[in-house]
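Numbering (the numbering used here), first residue to last: 623 to 720.
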């Protein structure tokens, strides 16, 4: 049981480091902008950021946090146009327009 707690402590230490929190905030902001644009969804946003994450030479866990934050931000951004102007930004946000 102590091994599990030790590994959880290490994992939370990596996830909540300063660089990873900054990258998560930046990724969710970029993802929200991508999600608001009609025709661009979370998968497109992540696909566009894979070469950028590779070129930045980020550690693997930081790059994964960046791509996950872009995906979640784009999912959220797709709902903004559905709520405000009743035009879904992606297929998953169609029911939000009703």
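C-beta atoms are modelled at their ideal positions from N, C-alpha and C, and glycine is treated no differently.
As the structure is a prediction and not an experimental result, all values here were calculated from the model.
message: Buried or exposed for residue 719, going by 16 or more other Cβ atoms inside 10 Å?
response: Taking the first residue of the chain shown as position 1, residue 719 is located at position 97. Exposed.
query: Are there three or more Cβ pairs, one per stretch, closer than 8 Å when the stretch 702–714 is compared with the stretch 670–684?
result: no
field: Endpoints, alpha helix (DSSP H) assigned at residue 692
entry: Taking the first residue of the chain shown as 1, we reach residue 692 at position 70. First-last of the alpha helix (DSSP H) with residue 692: 682–706.
field: Length of the line joining the Cα atoms of residue 656 and residue 667
entry: Taking the chain shown and counting its residues from 1, the one referred to as residue 656 is at position 34. Taking the chain shown and counting its residues from 1, the one referred to as residue 667 is at position 45. Going by the C-alpha atoms only, they are around 6 Å apart.
message: Classify residue 661: buried if its beta carbon has 16 or more other beta carbons within 10 angstroms, exposed otherwise.
response: Numbered from its first residue, the chain shown carries residue 661 at position 39. Exposed.
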